[in-house]
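A.B. asks: In our numbering, the protein residues as written are 679 to 812. From the three backbone atoms N, C-alpha and C, an ideal C-beta is built for every residue, glycine too. Okay, here's the structure, questions in a sec.
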């Protein structure tokens, strides 16, 4: 799979409707609304997941191979802290896509990114994160 195929799979999720429900690993669901260059998650105030987030996540997942990527612990931590390193999904997205500086607070986005990638068939759940489906 390449990044173009990943975006095709995400587009197919929203084929019949631009607003869908996506399952979380615990079984609860959240709404996701597709816009032209981002996905909105209404339960996260002012959270727009830019399409660049998914591209960046894909490349990080590719680098890590079968190990996958850990989400990171954004709540109560700052970028660069133990558990919220730039190598985690939250850390990587915050630093590389949103330009968050080391030592600053981070908005937790990775769980939603992961759930969308799992729903699209791009990734699978692993303990504390996701990995690409082979």
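1) Taking the DSSP output, what are the residues bridged to residue 775?
2) Name the two residues that bound the continuous alpha helix (DSSP H) containing residue 732.
3) According to DSSP, which residues form a beta bridge with residue 726?
4) Would residue 807 and residue 754 qualify as a contact pair, given that the criterion is a beta-carbon distance under 8 Å?
5) In angstroms with no decimal places, state the Cα-to-Cα distance between residue 712 and residue 781.
6) My output table needs one value for residue 804: the three-state DSSP class, helix, strand or coil.
7) Which residues in the same chain as residue 813 place their Cβ atom closer than 6 Å to its Cβ, once the five residues preceding and following it in sequence are excluded?
8) For the alpha helix (DSSP H) that contains residue 788, what are its first and last residues?
9) Whose C-beta lies closer than 7 Å to the C-beta of residue 788 among residues of the same chain, with five residues either side of it excluded?
10) Less than 6 Å between C-beta atoms, sequence neighbours within five positions excluded: which residues of the same chain meet that for residue 684?
11) Could you please give the first and the last residue of the uninterrupted beta strand (DSSP E) stretch that includes residue 708?
12) Is it the case that the Cβ atoms of residue 786 and residue 730 are separated by a distance below 8 Å?
C.D. replies: Looking at the atomic coordinates:
1) As far as DSSP is concerned, residue 775 takes part in no beta bridge.
2) 729-742 is the extent of the alpha helix (DSSP H) around residue 732.
3) In the DSSP output, where bridge partners are listed per residue, residue 726 has 718.
4) No, they are not a contact pair.
5) Spanning the two alpha carbons is a distance of roughly 31 Å.
6) Look at residue 804 here: in three-state DSSP terms it is strand.
7) Lying outside 679 to 812, the shown extent of the chain, residue 813 is not represented and no answer is given.
8) Here the alpha helix (DSSP H) through residue 788 covers 788-797.
9) In the same chain as residue 788, and ignoring 5 residues on each side of it, the C-beta atoms closer than 7 Å to its own belong to 749, 750, 767, 768 and 771, in chain order.
10) Cβ neighbours of residue 684 within its own chain (closer than 6 Å, five residues either side excluded): 736 and 800.
11) Residue range 707-712 is occupied by the beta strand (DSSP E) that includes residue 708.
12) With respect to the 8 Å criterion, residue 786 and residue 730 are not classified as neighbours on the basis of their beta carbons.
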